[in-house]
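Enquirer: Residue numbers (my numbering): 77 to 312. First, the structure itself, so that you have it in front of you.
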């Protein structure tokens, strides 16, 4: 059985709390990951539609949730994130669009951005030294999903199947939506998010999220600005 008292951590991208996209996503999901004690804002129909992504907060996964390896601490992890961010330049995302991925809706780059996959791979590899191996129960739960051989290999090696060549940047907005409801749901999402999709987005911060116990929601613990570009300009 997973240790319900042992926190899980994840390295995510999310815009600043006061960014218009974050504000819209907070209202849509019904929860602000920056303010865990804030009340729900969405109506019952949307809360049902967003019950799964609400637990994780508005984000794009870079390093999927993991428990800390024995001999490491969250302070060690935060120091490493700070060092990593200090020497990395922001990674382009570009404008966004609403897309359907495996039955759920998400925001994805409007055009392919090759740099995203490499950047995410760096995060996965760099911070795997902090990840405790999955126990048998966690591995079996993951294997219930329909995974191919490459995804299973990634799961065993990295603790998550959708990394490296299988990575796809996305910011989840719904759980799985029945086929007959997808057109209506897409229309609702367009109404909420269309005003914010044309911005030239980039990953300019890394956010460390924490889930204090297995039944808890993920919340933002700390953020780290990517400063490599600024350091280079300062040096020049």
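Quick reminder that beta carbons are idealized off the backbone N, C-alpha and C, glycines included.
Quick test of your reading: residue 85 and residue 284, contact by CB under 8 Å. State the CB separation rounded to the nearest angstrom.
Expert: 6 Å
Enquirer: Which word fits residue 163, buried or exposed, when buried means at least 16 other C-beta atoms lie within 10 angstroms of its C-beta?
Expert: Burial call: exposed.
Enquirer: Can you tell me which of the three DSSP states residue 192 falls into?
Expert: DSSP places residue 192 in helix when its eight states are reduced to three.
Enquirer: For residue 248, does the three-state DSSP call read helix, strand or coil?
Expert: strand
Enquirer: Hey, would you say residue 129 sits closer than 8 Å to residue 105, going by beta carbons?
Expert: When the beta-carbon positions are compared, residue 129 and residue 105 come within less than 8 Å of each other.
Enquirer: What are the start and end residues of the beta strand (DSSP E) that includes residue 129?
Expert: Residue 129 -> not in any beta strand (DSSP E); alpha helix (DSSP H) instead, spanning 127-132.
Enquirer: Rounded to whole angstroms, what is the Cα-Cα separation between residue 250 and residue 125?
Expert: 6 Å
Enquirer: Measuring only the C-alpha atoms, how far is residue 152 from residue 205?
Expert: 11 Å
Enquirer: So, for residue 143: in the same chain, excluding its five sequence neighbours on each side, which residues have a beta-carbon less than 6 Å away from its beta-carbon?
Expert: 82, 84, 208
Enquirer: Determine the burial state of residue 171: buried for a count of at least 16 other Cβ atoms within 10 Å of its Cβ, exposed for fewer.
Expert: exposed
Enquirer: Quick one: residues in its chain with C-beta nearer than 7 Å to the C-beta of residue 311, no 5 flanking neighbours on either side, listed in chain order?
Expert: With a pLDDT of 47 at residue 311, under the threshold of 50, the predicted position of this residue should be treated as unreliable, and no value is reported.
Enquirer: Assuming residue 247 and residue 182 are in contact, meaning their beta carbons sit under 8 Å apart, how far apart are those beta carbons, in whole angstroms?
Expert: 6 Å
Enquirer: If you draw a straight line from the alpha carbon of residue 77 to that of residue 276, how long is it in whole angstroms?
Expert: For residue 77, the predicted model reports a pLDDT of 40, less than 50, meaning its position is unreliable and no value from the coordinates is stated.
Enquirer: To the nearest angstrom, report how far apart residue 90 and residue 216 are at their CA atoms.
Expert: 29 Å
Enquirer: For the segment 231-248 against the segment 131-147, do three or more pairs of beta-carbon atoms, one drawn from each stretch, fall closer than 8 Å, so that the two count as touching?
Expert: yes
Enquirer: Looking only at C-alpha atoms, which of 95, 176, 156, 159 sits nearest to residue 254?
Expert: Nearest of 95, 176, 156, 159 to residue 254, Cα basis: 176.
Enquirer: On the DSSP bridge assignment, give the partners of residue 103 in chain order.
Expert: Paired residues: none, contrary to the question.
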